[in-house]
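Novice: The structure is given below, and queries will be raised subsequently.
There are 2 protein chains.
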Amino acid sequence: MAEDGKPRHRVVIVGGGFGGLLAAQGLRKAPCDVTVIDRRNFHLFQPLLYQVATGGLSPANIAAPLRSMLRRQKNTRVILGEVVGFDLAAKTVQLKDGERVPFDTLVLATGATHAYFGHDEWAELAPGLKSIEDATEIRRRVLSAFERAEREPDPAARQRLLTFVIVGGGPTGVEMAGAIRELATQTLKNDFRAFDPASARIVLVEGHERLLPPFHEKLSRKAKSALLRMGVLVMNSAVVTDVEPDHVLVKTSSGAERIDTETVIWAAGVRASDLGKLIADAVGGVELDRAGRVMINPDCTVGGRSDVFVVGDMAHGKYADGRQLPGVAPVAMQQGEYVAKLIARRLAGDVSPAESFRYWDKGMMATIGAAKAVAQSGGMRISGFVAWLVWLFIHILYLARFENRVLVLWQWFFNWVTRNRAARLITGEAATRPADPRRDGKGSAG
Amino acid sequence: MAEDGKPRHRVVIVGGGFGGLLAAQGLRKAPCDVTVIDRRNFHLFQPLLYQVATGGLSPANIAAPLRSMLRRQKNTRVILGEVVGFDLAAKTVQLKDGERVPFDTLVLATGATHAYFGHDEWAELAPGLKSIEDATEIRRRVLSAFERAEREPDPAARQRLLTFVIVGGGPTGVEMAGAIRELATQTLKNDFRAFDPASARIVLVEGHERLLPPFHEKLSRKAKSALLRMGVLVMNSAVVTDVEPDHVLVKTSSGAERIDTETVIWAAGVRASDLGKLIADAVGGVELDRAGRVMINPDCTVGGRSDVFVVGDMAHGKYADGRQLPGVAPVAMQQGEYVAKLIARRLAGDVSPAESFRYWDKGMMATIGAAKAVAQSGGMRISGFVAWLVWLFIHILYLARFENRVLVLWQWFFNWVTRNRAARLITGEAATRPADPRRDGKGSAG
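Chains as they are written, first to last, in this note's numbering: chain A, 143 to 588; chain B, 143 to 588.
Given below as C-alpha cells:
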C-alpha cells in the first residue's frame, strides 16, 4: 500500500541473474513494490564459473545471496520459488507449489541452459557449465580423472583418463581448455607419483574454422596460437558426432577421428529457459528462435503486451541494423536497466512510446590461461598480458557489487603468484565412493 | 626399492585426517615408502566445519588437497580409495575396487562418525556434522528454513520453520547454537520482509545437567549464560526421545516437551569408523568399547601385532591413570607423531620396547558466537573475548599448515567486522527444487 491508500504498482521479476538483478536495482527508488523470484538464493557471476570448475575459486567467491544484495532496497522482496506458468488474464505468475504471485508488470530474465543439438543423452557424459552444481561436478570429474590415473597400471587406460575433451571453442571452451591445461602443468606438477600431469591431453573441439568465432580473425588466431603454445590440442572445423563413456567421435574435414577419453565438457550450445515458450504461448503470436529465445519488441516487451518484458539470454533482441544481439552479460544488464527506467518513467506518468533499447557494445574478451587474454572493443583489439589486465579489471569491477570482492581479488592474486588452486576438492555424494567416480551418480558441492 | 636394491619398508596409512596426516609427515625422512589411502582427496579441518554449516567459510577454506600437502615428501604417495578389508597373513589392505595394497607396517586413522544411539532412522531428519557434505547439507537446511518462512503465511508454521533444535551440548553443539543465533540476529538482520529473523528460536538440548560436560563447571556456567544472553534456549538434563519431520520430543526432569521444528542438527553421539571392528576381528582377541573404538596398547599397537597401529578417534587410548583419552584433534595428532617416531626408530634398528604414548593435554576450548569462548588448560580457565583470541590464534596456527591460511584469516576478520557470512549459498540438487527442500532428497555442495 502506498501512503495515500492506493495499492502500489507491483513489478514481478523472475530470475536474479544479470538482467533481473539490474532491473530490480533500477527500480529501487520507483514508487512500486518489487518481487524478485528465483529458484536459487544467490546471484551467480557466471563468467567465472570456469574458475570454480577448475578449483581456482570457491562457489561463494562468485555468488552472493540475492537477498543480501537487495536488503537495503525496502520496496523489494525476494522469494525462493520456481515459476511454472503465467495467467496473463488474471495477471499472476504461478509457482510450482501452487502459489500465485500477482503482478502489474512482469519482467522475465531466467537466462539459458546448455543445448546438445538433439542429443540430450550426451548430457550425463558431457556436463555443461551453467550452475554452481555444474561447476563442482566438472571439478569432481576432472580431479577424479587424475586420481584414477594415479592408480591405473595400464598405460592406454591411463592416457584415456588423462585426456580431456572440451566441446566448443567460444569463450567458455577456450577458458576451460586453458585452465585445465594449467591445472595439469602447474598446479598438479608435483602431486602424482605414477605419471607426469603434464602428459595430460586437453583437446578443444570447435565446429567453426576458427576459435572464438564472433571475435576478430586476428584475435582468433592469437587465441589459438596461445593455446597451442600451452600444449592444448585445438581441432577446428570439427564436429562431435558421438559421445560415449570411454570416447568421443569427431568428424573433421579429413575424416572421422576417435578420441579416447572419460572426461568431456560441453561448452557448445545454448538453449533459452523453458519459460520462454510458456510466455510466448501465454501472450500468443510470439515467435521463438531456434534456440528457444523469445523474439522481443524493440522496447523488450513481448507481442502486444506492454506489461510483459523479456530480457537477457532468454530474449532474442536486435541491433539497430537487425543483427541479433549476443548472449552475453552486458546485454542482459543493459536490458535490465533499460526496462527498469521504462517502468519508472511510466509510473511517473509518462506513457509516451519508449525509445528502443540500444545495446552499447563495450566489446568482448576471453582469457587464455593465467595471464593472457584477447579483447576487442570497437576497432581496438588487444591480446596477451595487457588484455588480461583489462579482463581482470573489468571482472573485479563487477565483482565489486559483491561483498566479498577483496577476497576474490586476493584469492586470484594468490593463485596467480603460487600457481595454486586451493579449491580443488572432490565433493558430492559420489566422491565418497571413489571406485568409479564417473558412473556412481551425481556429484555436486563444495 | 632402496638404493642398495633391498625392497624398502612399506608403511600404509589409512585415513588422511589429523592422525594419518601427522603420521605421514613424521615419516618424511624415514627410509620407507609411505602410502596414504583416503576416500577423499583432501584433509579436512573438522573443528571449523560449523563455520561452513553456517555460511561463514567456504569448504575450501578448511580443506586442503592431501596430495598437495604431501607433494614435497618424495617417499610418500597418496591414493584415493576405500579400504574394505585386511589380510594380516598376506599383509595387505584390500580396497573396494579389488586392489590389494601390501604393507609392512599399517597405521589406521579413519576417525569417527555420528551415532544416533540406536535410532539410525533419525539420521535423515537430524544430520550430524562430520563431513563437508554434512556441513553444506546443514547450511542448506538452515538457510532454506528462513527462505520458506518468508513465504509462509501461517504464523504457527512460520515459527516452526524458524525453530532450530541442536541436540548435544558439547563444543560442536555450543558452537552451532551460537553461530545460528548470530546468523539470525546479525547476518540476516535486514534480509526478510515477512518476519524479523531475530524471532528465530535456537534450542540447545543437552542430556547432562550442564553444557560442555568435560570442561570445568565454572566454564560450563559461563558458556550457558553467554548463550542465554545471546538468546539461545538451553535445555539441560534433557533427552531427545523422538525426532519427526515437524517436531522433536524431549524428556526433561519436569516431564516431556514437544518442540515444533523442521530443522534438527545432531551433535550428540560419536561412533568409531567401521574399520575398527574389521581390524579388531582380523587381529583377533581385540575389544571395542561401546562407541566401537579399538582398545589399543599403550604404544598404539593392537593386540599382539607390533605392525598394526590405530590412532585418533577410532582408538580407545588411555591416560597414565587409566582414564580414557578424549576424542579430540590434539590426541590424534600426537598419536600420529608418536607412531611415526616409533616406526622411524625401528627402521633405524632400535627394536627395544617403546615408551608408552603420553598425551600432552594442552587443554580444550569452545567458541560461543563471534567473539567469545571458554578455554581451560591445566588449572587455568579463561572465558570471554580473551579466550576467543586464544582460540583464534591456535586455530590460525594450525590452519597455517594449509596454503590458504591468509585467506581464512581474512575471511574471518571480514565476517567479524561486517557480521556477514559470505558463503551462505543453498546448493545441491534439491536446492533447485525449492518447494519443500527438506523432503526433496539429498543436498550437498558449494
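Backbone N, C-alpha and C fix where the C-beta goes; we use that ideal spot for every residue, glycine too. Fair warning: this is a prediction, and the values are worked out from it, not measured in the lab.
#1: Would you kindly work out how many angstroms separate the C-alpha atoms of residue 580 of chain B and residue 514 of chain A, rounded to a whole number?
#2: Distance cutoff 8 angstroms, beta carbons only. Does residue 338 of chain B sit that close to anything in chain A?
#3: Locate the alpha helix (DSSP H) running through residue 597 of chain B, then write down its first and last residues.
#4: Which residue comes first and which comes last in the alpha helix (DSSP H) that contains residue 215 of chain B?
#5: At a CB-CB cut-off below 8 angstroms, which residues of chain B make contact with residue 332 of chain A?
#6: Where DSSP assigns a beta bridge to residue 255 of chain A, which residues make up the other side?
#7: Identify, in the order they occur along the chain, each residue of the same chain with its Cβ nearer than 7 angstroms to the Cβ of residue 244 of chain A, setting aside the five sequence neighbours on each side.
#8: Residue 442 of chain B and residue 428 of chain B: beta carbons closer than 8 angstroms?
#9: Give the interface partners of residue 357 of chain A over in chain B, defined as CB-CB distance under 7 angstroms, in chain order.
#10: How about residue 156 of chain A and residue 250 of chain A: are their beta carbons less than 8 angstroms apart?
#11: Taking the runs of the beta strand (DSSP E) that are 3 residues or longer, which of them lie wholly in the stretch 359-444 of chain B?
#12: Quick check on this structure: which residue in B:444, B:536, B:445 and B:418 has the alpha carbon closest to the alpha carbon of residue 434 of chain B?
#13: Go ahead and label residue 528 of chain B buried or exposed: buried means 16 or more other beta carbons lie within 10 angstroms of its beta carbon, across all protein chains shown.
#14: Would you say residue 496 of chain B and residue 484 of chain B are within 8 angstroms of each other, going by their C-beta atoms?
#15: Considering only residues of the same chain and omitting the five flanking positions on each side of residue 296 of chain B, which have a CB-CB separation below 7 angstroms?
#16: Let me see if you follow: with CB-CB separation under 8 angstroms, is residue 289 of chain B close to chain A or not?
#17: Residue 206 of chain B by DSSP, collapsed to three states: which one?
#18: Counting only beta-carbon atoms, is residue 314 of chain A nearer than 8 angstroms to chain B?
#19: May I ask which residues mark the beginning and end of the beta strand (DSSP E) holding residue 449 of chain A?
#20: For the beta strand (DSSP E) that contains residue 523 of chain B, what are its first and last residues?
#21: Which whole-angstrom value is the C-beta distance of residue 319 of chain A and residue 369 of chain A, which I expect to be below 8 angstroms?
#22: Residue 566 of chain B: which of B:438, B:214, B:254 and B:284 sits nearest, CA to CA?
#23: Can you tell me which of the three DSSP states residue 278 of chain B falls into?
#24: If you follow the alpha helix (DSSP H) that residue 475 of chain A is in, where does it begin and where does it stop?
#25: Looking at residue 501 of chain A: is its Cβ nearer than 8 angstroms to the Cβ of residue 518 of chain A?
#26: Checking contacts by CB at 8 angstroms: is residue 569 of chain A closer than that to chain B?
#27: Quick check on the DSSP output: the alpha helix (DSSP H) that includes residue 160 of chain B runs from which residue to which?
#28: Under 8 angstroms by Cβ, that's how I've got residue 354 of chain B and residue 311 of chain B pegged, so tell me the actual separation to the nearest angstrom.
#29: With a 10 Å radius around its C-beta and 16 neighbouring C-beta atoms as the bar for buried, classify residue 413 of chain B as buried or exposed.
#30: Which residue wins for smallest C-alpha separation from residue 314 of chain B, given the options B:287, B:332, B:338 and B:347?
#31: Exposed or buried, residue 507 of chain A, counting other C-beta atoms within 10 Å across all chains shown (16 or more means buried)?
#32: Mind checking who residue 460 of chain A pairs with in its DSSP beta bridge?
#33: Return helix, strand or coil for residue 568 of chain A, following the three-state DSSP convention.
#34: Using the Cβ count rule (16 or more neighbours within 10 Å means buried), how would you classify residue 522 of chain B?
#35: Could one say the Cβ of residue 221 of chain A lies closer than 8 angstroms to chain B's Cβ atoms, at least one of them?
#36: Shorter than 8 angstroms from the beta carbon of residue 184 of chain B to some beta carbon of chain A?
Specialist: Taking the structure as given:
#1: Here the question's residue 580 of chain B lines up with position 438 in the second sequence. Here the question's residue 514 of chain A lines up with position 372 in the first sequence. Per-residue confidence for residue 580 of chain B stands at a pLDDT of 35, beneath the threshold of 50, marking its modelled position as unreliable; the derived number appears in the next sentence. Straight-line Cα distance between these residues: approximately 45 angstroms.
#2: Working through the second sequence from its first residue, we reach residue 338 of chain B at position 196. Not an interface residue.
#3: Chain B is shown from 143 up to 588; residue 597 of chain B falls before or after that span and cannot be answered.
#4: Locating residue 215 of chain B in the second sequence gives position 73, counting from the first residue. Residue 215 of chain B -> no alpha helix (DSSP H), and no H or E assigned at all.
#5: Position 190 of the first sequence holds residue 332 of chain A. Neighbours of residue 332 of chain A on chain B, chain order: 213 and 214.
#6: Locating residue 255 of chain A in the first sequence gives position 113, where the first residue counts as 1. Paired residue(s): A:413.
#7: On the first sequence, position 102 is the one that residue 244 of chain A refers to. Here the set comprises 152, 233 and 234.
#8: Within the second sequence, the letter at position 300 stands for residue 442 of chain B. Within the second sequence, the letter at position 286 stands for residue 428 of chain B. Taking 8 angstroms as the Cβ cut-off, residue 442 of chain B and residue 428 of chain B do not qualify as a contacting pair.
#9: By 1-based counting over the first sequence, the position of residue 357 of chain A is 215. Chain B residues near residue 357 of chain A: none, gap ~32 angstroms exceeds 7 angstroms.
#10: On the first sequence, position 14 is the one that residue 156 of chain A refers to. On the first sequence, position 108 is the one that residue 250 of chain A refers to. In this structure, residue 250 of chain A lies closer than 8 angstroms to residue 156 of chain A by Cβ.
#11: 375-377, 381-386, 389-394, 397-402, 405-408 and 411-414
#12: Stepping through the second sequence from its first residue, residue 434 of chain B is reached at position 292. The option with the nearest alpha carbon to residue 434 of chain B is B:418.
#13: Counted from its first residue, the second sequence places residue 528 of chain B at position 386. With fewer than 16 Cβ atoms within 10 Å of its Cβ, residue 528 of chain B is classed as exposed.
#14: Residue mapping note: residue 496 of chain B aligns to position 354 of the second sequence, counting from 1. Residue mapping note: residue 484 of chain B aligns to position 342 of the second sequence, counting from 1. Cβ atoms of residue 496 of chain B and residue 484 of chain B: closer than 8 angstroms.
#15: Looking up residue 296 of chain B in the second sequence gives position 154. For residue 296 of chain B, where only same-chain residues beyond five positions count, there are no Cβ hits under 7 angstroms.
#16: Locating residue 289 of chain B in the second sequence gives position 147, where the first residue counts as 1. Yes, contact with chain A.
#17: For this step, residue 206 of chain B is matched to residue 64 along the second sequence. Looking at residue 206 of chain B - three-state DSSP - the assignment turns out to be strand.
#18: Along the first sequence, read from residue 1 onward, the residue named residue 314 of chain A stands at position 172. It does not: the Cβ of residue 314 of chain A has no partner Cβ on chain B nearer than 8 angstroms.
#19: Here residue 449 of chain A refers to the residue found at position 307 when the first sequence is read from its first residue. Taken as a continuous stretch (DSSP letters only), the beta strand (DSSP E) holding residue 449 of chain A covers 447-452.
#20: In the second sequence, residue 523 of chain B corresponds to position 381, counting from 1. Taken as a continuous stretch (DSSP letters only), the beta strand (DSSP E) holding residue 523 of chain B covers 522-526.
#21: Indexing the first sequence from 1 puts residue 319 of chain A at position 177. Indexing the first sequence from 1 puts residue 369 of chain A at position 227. The Cβ separation is near 6 angstroms, so the contact holds.
#22: Residue numbering aside, residue 566 of chain B sits at position 424 when the second sequence is read from its first letter. Answer by Cα proximity: B:284.
#23: Here the question's residue 278 of chain B lines up with position 136 in the second sequence. Helix.
#24: For the purposes of this step, residue 475 of chain A is taken as the residue at position 333 of the first sequence. It spans 471-489 - the alpha helix (DSSP H) in which residue 475 of chain A sits, taken as one unbroken run.
#25: Position 359 of the first sequence, counted from the start, is the residue given in the question as residue 501 of chain A. Position 376 of the first sequence, counted from the start, is the residue given in the question as residue 518 of chain A. No, Cβ-Cβ distance for residue 501 of chain A and residue 518 of chain A is not below 8 angstroms.
#26: Walking along the first sequence from the start, residue 569 of chain A turns up at place 427. At least one chain B Cβ lies under 8 angstroms of residue 569 of chain A.
#27: For the purposes of this step, residue 160 of chain B is taken as residue 18 along the second sequence, with counting starting at 1. From DSSP, the alpha helix (DSSP H) with residue 160 of chain B extends over 160-168.
#28: In the second sequence, the residue the question calls residue 354 of chain B occupies position 212. In the second sequence, the residue the question calls residue 311 of chain B occupies position 169. Their Cβ separation, rounded to whole angstroms, is 7 angstroms, which keeps residue 354 of chain B and residue 311 of chain B in contact under 8 angstroms.
#29: Numbered from 1 along the second sequence, position 271 holds the residue referred to as residue 413 of chain B. Buried.
#30: Taking the first residue of the second sequence as position 1, residue 314 of chain B is located at position 172. Per the Cα distances, B:347.
#31: Residue mapping note: residue 507 of chain A aligns to position 365 of the first sequence, counting from 1. Answer is buried; the Cβ neighbour count reaches 16.
#32: By 1-based counting over the first sequence, the position of residue 460 of chain A is 318. Paired residues: A:466.
#33: Within the first sequence, numbered from 1, the residue matching residue 568 of chain A stands at position 426. Reduced to three states, the DSSP call for residue 568 of chain A is coil.
#34: Walking along the second sequence from the start, residue 522 of chain B turns up at place 380. With fewer than 16 other Cβ atoms within 10 Å, it is exposed.
#35: Counting from one through the first sequence, the residue named residue 221 of chain A turns up at place 79. Yes, because at least one Cβ of chain B sits closer than 8 angstroms to the Cβ of residue 221 of chain A.
#36: In the second sequence, counting from the first residue as 1, residue 184 of chain B sits at position 42. Yes, residue 184 of chain B lies at the interface with chain A (some Cβ there is under 8 angstroms from its Cβ).
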